[in-house]
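Chemist: Take the sequence shown: its letters are residues 1106 to 1897, numbered as in this note's numbering.
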Amino acid sequence: MLLSPLLQLAVGTSTVYAYFDPSRFTWYTSPAKNFFSTLPIGNGRLGAAIWGSAVENITLNENSIWSGQFMDRANPDAYSVLESVRSQLKQGNITSAGQQTLADMVGSPDEPRAYHPLGSLVLDFGHEDSHVENYTRSLDLLKGRAMVDYNYHGVRFRREYVASYPAGVIAARFTASEAGLLVVSVLLDRDQYVIEKVATAGNATGSLKLRALTAASDGIGFSTGARIVAHGGRVRRNGASVVIQNATTVDIFINAETSYRFDTQAAWEAEMDRKLDAAVRTGFPAVQELATADHEALAGRVHLDLGSSGAAGDLPTDIRLARYKTDPDADPELVTLMFQFGRHSLIASSRDTGISSLPPNLQGLWNEDYEPAWGGRYTVNINLEMNYWPAGVTNLAETLGPLISLLETVKLRGQDIARRMYNCDNGGYVLHHNTDLWGDAVPVNNGTKWTMWPMGGAWLSANLMEYYRFTQDRALLKERIRPLVRSAAQFYDCYLFLFNGYLSTGPSSSPENAFIVPDDMTQTGNEEGIDIAPTMDNTLLSELFHSVIEMDQILGINDTEITKASSSILHIKRPQIGSYGQILEWRDEYQETEPGHRHMSPIFGLFPGSQMTPFVNSTLATAAKALLDHRIAHGSGSTGWSRAWTINLYSRLFDGDAAWNHTQVFLQTYPSANLWNTDSGPGSAFQIDGNFGFTAGIAEMLLQSHAGVVHLLPALPSAVPNGKVTGLVARGNLVVDMEWSGGRLSMARVTARARGKLAIRVQDGRRFTVNGSVHTEEISSVGGESYEIKVL
C-alpha cells in the first residue's frame, strides 16, 4: 500500500526526518553534490533538476532548445557511389567498400544538432550550510513533487516544486514556519548567448525575463519568464534579480517558449506570458493540486510489491544504493523504487504538449551541458526505442504520442534523403542511426561500426505497432501509425537488392560491432563493420513487413502493400545458426572483435521482437540464448542500457533467476545517486534509456503477451517468492492484477478494455480456473468484463 510521509524519529535524539515509503520516494539528507544527485521533475516539455543547496541553482530545460536550425548535411556523392560500394561488398572487398562508404556517403558536417540547457533559476536564501539542520530532500514518484525541508536557526523552511502538465509551467513555493522570516533573491541565468535579462518588481509581485539564442548565428531563439508572488514582505528589483524580504511564503512560476514552435518572438512570448499569467491567477495551491493529480493519475495506475526491505528501506536513497552493492537481497524495495522511477521519468519527459511534441532524448529532458554526451540526441539503433519499452506494459501508452510527432517530422526529411542517397522516390523514408528535433535523416558520425545503418525507420515502426497492440486504438492506427509504417516499408521496397537469392541491405552494419575480415576476403585481418544484410536488418525487415500485413488486415484494407509485403517476406534471409549453436550476427560467421559486445542486435527477435521467442520458434530461442550467454560470459552488459536489455532478454527465455541476477547487477553498478542510469557507472555519462529498459525488464518477468497469449508470471525469480502487482497491461488492452505466494500464482484478474480473444497461460503451464471453470480454450473477452484466475 502506498503511504504518505509521516514524521518519525530517524537517527539520534535531535535529528528528525520524515518517513518515506521506500518504494515511492527518493530522498537524501544533504543537497545534491553534482547534477547526478539532483531531483528531476518535468511536464513533458519543461524540465527542472532540483539541487536543494543553500544557494539553489535549479537546472532548467525546455525540450526544443537545441544548438541550431536544420542543416542539410546530405552528401551529394552518395547515390553515385552506391552501386560501387555494393559491388565491392558482393565481391568481398569489405575494407575498400567501407572506406568508400565513409568517404562519399556520410553527411557533412558529420553530426546534426545537439541538445542544450535552458539555463538556471538561482535562488539565494541567505542561509549558510553550516547552520542548516534536519535537512531532507525528496522526490515523490507518485505525485511528481520535489521537496526540500530543513531547520535554520530554529525556523523550518520548506521548498516545494512541481512541473505542471495541465498549466504548462514549473511552479515552486517557498515557506517559513514563522511569519516574515523568508528572504530570497531570484535570478534567471544562462552562460551563453544571452540577449536580454531583465527584472521588474512592484505590488508584492515581480517578474524575470531571459531571452537568448543557442548559437551566435543560426541558433534557436527562446525566452524564459518567471512570475514571483510574495505573501507578506517587500519585493524589489536588484539589477536582473528580484529580491523578496520579510515574507512568509513566496510562489514562483516559470515557463519558456522557443522559435522551434513559433515563427516570431512576439508569438512565443505571448504564449509564455499566457501560461504564466494563468498560473498566477490560479495560484500555487491549485496549480500544485492539479499537477500532482495529473501525475498520480498516470503513475498510480501500477502498484508493485516485490517484498518489504524493512529497516534497509528506511535509509536515504544514496545510502541504500551503497549498501545494495554488498547486500542486495536485503532491499528488494530498491528494485520497486527503480521500477517506479522509470515510470516517473517517462511521465515527466514524454507528454503530448501540443505543437511539435518531442520525445525523451538520450538524457530524457534533463541536461546541464552545452556539449552533452553523444549530443544528447535521439540515437535510434537502440536508445530511443528502449525509451518506450515500458510504455505499453506499465500502463503509460499515451506517452508514445511525442514519438509519433517526431517521426512525422523525420518522415518528411527521410523521404528527401531516400531520394537523394538511394534514388528512392516512391514515398518511402529512410532514417540512419541518429536524428535530432529537425528529423535529420543523414548518416551521423564517421565510423565503420555505427555510421551506415539505414534501419531506423524499421525499428521505430515496431514501436508504433506495439502501441496499437497494447491500446487497440484503430483510429490512431489508421490516421497516424499506418502512414509512418507504410512509408518505412516503401523505402525498403525500393532500397533492397538481390544477393545470393535474398533481398538484402547494404551497405549496412550490425549496430556498433565489428568483425575481422576473413582470409577469403580482401585485406585479411582488418577490423570492419560495414557489410551486406546483417541478421538484425533481416529480422527488422521481417518484423516490418509482417506489421504492414497485420495493420491492413485490421483496418480491412486490401491493397498492393499487402501483396508487396507478403512477397518480400518470402525473400528475406532467415536467421542462421553458427558453430556453437548461436544466432549469427553477419552474413557469414566472421571472427568477432568484441565477443562481449554491448549491443544484442542479432537477437532483436527475442526482445523486443518476438520471432525468436520460445513459443514462436524454440530452435531460434535456443540459438538466441547461446549468443546471449556467450556475450555475457565475455563481459556484455557493460553499459547500463545494455544490462537493462539483458534483463528483458532472459525474461523472454523464462529464466527469471538470470533476469533477477542482472537486475541486481544493474542496481549495483549503474545508477547515479538520484537513480539516473549511467553509461558505465556513477561519474560516467547519464543515459535515460537504461532506466526505461530496467522498468520494462521487471514487467517482463511478471507478464508477457507477445505470442498471442497472456502469460502470467512467465519468469518469476525464485528470489521473489511472494508479491503482487496491479495495473500492468497485456497486448489486446487487457489490464492484469496478480498476487503470488511461495513462488506460485495465488490469484489473478484480467480486465478487458476492448473486445477480443483472450488466451491465458500461467507460469510454466499450470492448470487453472477462469471465473470458477477449468480453463480449456481461449475466451471471447468483452470490454469492461473481468476474469478471475486461480491455479488448481
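Even glycine gets a Cβ: it sits at the ideal position worked out from N, Cα and C.
Can you tell me whether G1117 is helix, strand or coil according to DSSP?
Modeler: Looking up residue 1117 in the sequence shown gives position 12. Low confidence applies to G1117: its pLDDT is 32, below 50, so where it sits in the model is not reliable enough to give any reading.
Chemist: Fully enclosed by the segment 1439-1527, which alpha helix (DSSP H) runs are 4 residues long or longer?
Modeler: 1488-1492, 1494-1498 and 1506-1527
Chemist: Give the single residue among W1691, Q1628 and A1309 whose Cα lies nearest to the Cα of N1198.
Modeler: In the sequence shown, counting from the first residue as 1, residue 1198 sits at position 93. Closest by C-alpha distance to N1198, out of W1691, Q1628 and A1309, is Q1628.
Chemist: Need the endpoints of the beta strand (DSSP E) that M1048 sits in, please.
Modeler: Only positions 1106 to 1897 of the chain appear in this structure, which leaves residue 1048 out of reach.
Chemist: Straight-line CA distance for D1423 to S1785?
Modeler: For this step, residue 1423 is matched to residue 318 along the sequence shown. For this step, residue 1785 is matched to residue 680 along the sequence shown. Each residue's alpha carbon lies about 18 Å from the other.
Chemist: From the DSSP output, in three-state form, read off D1399 for me.
Modeler: Here residue 1399 is taken as the residue at index 294 of the sequence shown, counted from 1. Three-state result, D1399: helix.
Chemist: Based on Cα-Cα distance, which residue from L1226, N1618, V1515 and T1640 lies nearest to S1592?
Modeler: Sequence index remark: in the sequence shown, residue 1592 carries index 487 (1-based). When each option's Cα is compared against that of S1592, the closest is V1515.
Chemist: Which class does L1112 belong to by DSSP, given the choice of helix, strand or coil?
Modeler: Translated into positions along the sequence shown, residue 1112 becomes position 7. Note that L1112 has pLDDT 33, beneath the 50 cutoff, so the model's placement of it is unreliable and no number is given.
Chemist: Taking 8 Å as the threshold (C-beta atoms), are S1609 and I1637 in contact?
Modeler: Start at 1 with the first residue of the sequence shown, and residue 1637 comes out as number 532. Start at 1 with the first residue of the sequence shown, and residue 1609 comes out as number 504. Yes, the pair counts as a contact, with Cβ atoms nearer than the cut-off.
Chemist: Could you have a look at M1106 and say whether DSSP puts it in helix, strand or coil?
Modeler: Counting from 1 along the sequence shown, the entry for residue 1106 is found at position 1. Summary for M1106: the model assigns pLDDT 29, below 50, so the residue's position carries little reliability; its value from the coordinates is reported in the next sentence. Correct three-state label for M1106: coil.
Chemist: Quick check on this structure: which residue in L1850, G1847, V1841 and W1845 has the alpha carbon closest to the alpha carbon of T1856?
Modeler: Residue mapping note: residue 1856 aligns to position 751 of the sequence shown, counting from 1. When only C-alpha atoms are compared, the closest one is V1841.
Chemist: With a threshold of 6 Å on Cβ separation, who are the neighbours of F1140 within its own chain once the five nearest residues in sequence on each side are excluded?
Modeler: Walking along the sequence shown from the start, residue 1140 turns up at place 35. Contacts found: E1473.
Chemist: If we ignore side chains and look at the alpha-carbon of each, how far apart do R1579 and L1286 end up?
Modeler: Here residue 1579 is taken as the residue at index 474 of the sequence shown, counted from 1. Here residue 1286 is taken as the residue at index 181 of the sequence shown, counted from 1. In a straight line, the C-alpha of R1579 is about 58 Å away from that of L1286.
Chemist: Is I1359 closer than 8 Å to L1165 when the C-beta atoms are compared?
Modeler: Residue mapping note: residue 1165 aligns to position 60 of the sequence shown, counting from 1. Residue mapping note: residue 1359 aligns to position 254 of the sequence shown, counting from 1. Yes, these two residues count as a Cβ contact at 8 Å.
Chemist: Given this structure, state the Cα-to-Cα distance separating A1123 from S1172, to the nearest angstrom.
Modeler: Taking the sequence shown and counting its residues from 1, one reaches residue 1123 at position 18. Taking the sequence shown and counting its residues from 1, one reaches residue 1172 at position 67. Rounded to the nearest angstrom, the two C-alpha atoms are 42 Å apart.
Chemist: May I have a chain-ordered list of the beta strand (DSSP E) segments no shorter than 3 residues that lie completely inside the segment 1605-1691?
Modeler: Qualifying beta strand (DSSP E) stretches, in chain order: 1607-1609.
Chemist: Work out the CA separation of A1372 and A1154 for me, nearest whole Å.
Modeler: Position 49 of the sequence shown holds residue 1154. Position 267 of the sequence shown holds residue 1372. Whole-angstrom Cα-Cα distance: 27 Å.
Chemist: Classify V1834 as buried or exposed, calling it buried when 16 or more other Cβ atoms lie within 10 Å of its own Cβ.
Modeler: Counting from 1 along the sequence shown, the entry for residue 1834 is found at position 729. Per the 10 Å Cβ criterion, buried.
Chemist: Over what stretch of residues does the beta strand (DSSP E) that includes I1793 continue unbroken?
Modeler: Walking along the sequence shown from the start, residue 1793 turns up at place 688. Taken as a continuous stretch (DSSP letters only), I1793 belongs to no beta strand (DSSP E), as it is neither H nor E.
Chemist: Use the C-beta contact count for G1117: other C-beta atoms within 10 angstroms, 16 or more gives buried, fewer gives exposed.
Modeler: Within the sequence shown, residue 1117 is the residue found at index 12, counting from 1. For G1117, the pLDDT reaches just 32, beneath the cut-off of 50, and the residue's location in the model is therefore unreliable, although a value from the coordinates is still provided. G1117 should be labelled exposed.
Chemist: If you follow the beta strand (DSSP E) that T1718 is part of, which residue opens it and which one closes it?
Modeler: For the purposes of this step, residue 1718 is taken as residue 613 along the sequence shown, with counting starting at 1. First-last for T1718: undefined, no H or E at that position.
Chemist: Can you tell me whether DSSP reads S1328 as helix, strand or coil?
Modeler: Along the sequence shown, one-based indexing puts residue 1328 at 223. In the structure shown, S1328 sits in a strand (DSSP, three-state: E or B).
Chemist: If you draw a straight line from the alpha carbon of R1456 to that of Q1468, how long is it in whole angstroms?
Modeler: Along the sequence shown, read from residue 1 onward, the residue named residue 1456 stands at position 351. Along the sequence shown, read from residue 1 onward, the residue named residue 1468 stands at position 363. Taking the straight line joining both Cα atoms gives about 16 Å.
Chemist: Run through DSSP, which three-state label would T1751 get?
Modeler: As a working mapping, residue 1751 is identified with position 646 in the sequence shown. Looking at T1751 - three-state DSSP - the assignment turns out to be helix.
Chemist: Thinking C-alpha only, which one of P1477, Y1775 and I1662 is nearest S1747?
Modeler: By one-based count along the sequence shown, residue 1747 stands at place 642. Nearest of P1477, Y1775 and I1662 to S1747, Cα basis: Y1775.
Chemist: Could you give the DSSP three-state label for R1902: helix, strand or coil?
Modeler: No answer is possible for residue 1902: the residues shown for the chain start at 1106 and end at 1897.
Chemist: So, helix, strand or coil for W1765, using DSSP?
Modeler: By one-based count along the sequence shown, residue 1765 stands at place 660. Of the three classes helix, strand and coil, the one that applies to W1765 here is helix, per DSSP.
Chemist: If distances are taken between C-alpha atoms only, which option among I1163, P1222 and F1175 comes closest to L1517?
Modeler: For the purposes of this step, residue 1517 is taken as the residue at position 412 of the sequence shown. Ranking I1163, P1222 and F1175 by Cα distance to L1517 puts F1175 first.
Chemist: I need the straight-line Cα distance from L1660 to Y1600, nearest angstrom please.
Modeler: Translated into positions along the sequence shown, residue 1660 becomes position 555. Translated into positions along the sequence shown, residue 1600 becomes position 495. If I take the Cα positions, the gap works out to 27 Å.
Chemist: Using only CA atoms, which one of G1877, A1384 and N1605 lies nearest to K1678?
Modeler: As a position in the sequence shown, residue 1678 is number 573, starting the count at 1. Selected option, being the one with the closest Cα: N1605.
Chemist: Rounded to the nearest angstrom, how far is the Cβ of T1576 from that of A1502, given a contact under 8 Å?
Modeler: Stepping through the sequence shown from its first residue, residue 1576 is reached at position 471. Stepping through the sequence shown from its first residue, residue 1502 is reached at position 397. With a Cβ gap of about 5 Å, T1576 and A1502 count as contacting.
Chemist: Hey, how far is the Cα of R1525 from the Cα of H1676?
Modeler: Looking up residue 1525 in the sequence shown gives position 420. Looking up residue 1676 in the sequence shown gives position 571. Near 26 Å, if we compare the C-alpha coordinates of H1676 and R1525.
Chemist: Within this structure, are the beta carbons of L1246 and F1125 separated by less than 8 Å?
Modeler: As a position in the sequence shown, residue 1246 is number 141, starting the count at 1. As a position in the sequence shown, residue 1125 is number 20, starting the count at 1. For L1246 and F1125, no; Cβs fall outside 8 Å.
Chemist: Between which two residues does the alpha helix (DSSP H) containing H1735 stretch?
Modeler: Working through the sequence shown from its first residue, we reach residue 1735 at position 630. It spans S1723 to A1738 - the alpha helix (DSSP H) in which H1735 sits, taken as one unbroken run.
Chemist: Around the C-beta of S1652, are 16 or more other C-beta atoms found within 10 angstroms, so that it is buried, or is it exposed?
Modeler: Here residue 1652 refers to the residue found at position 547 of the sequence shown. Counting Cβ neighbours within 10 Å, S1652 comes out buried, since at least 16 surround it.
Chemist: Between R1386 and A1309, what straight-line distance do the alpha-carbon atoms span, to the nearest angstrom?
Modeler: The residue given as residue 1386 occupies position 281 in the sequence shown. The residue given as residue 1309 occupies position 204 in the sequence shown. Their backbone Cα atoms lie some 14 Å apart in a straight line.
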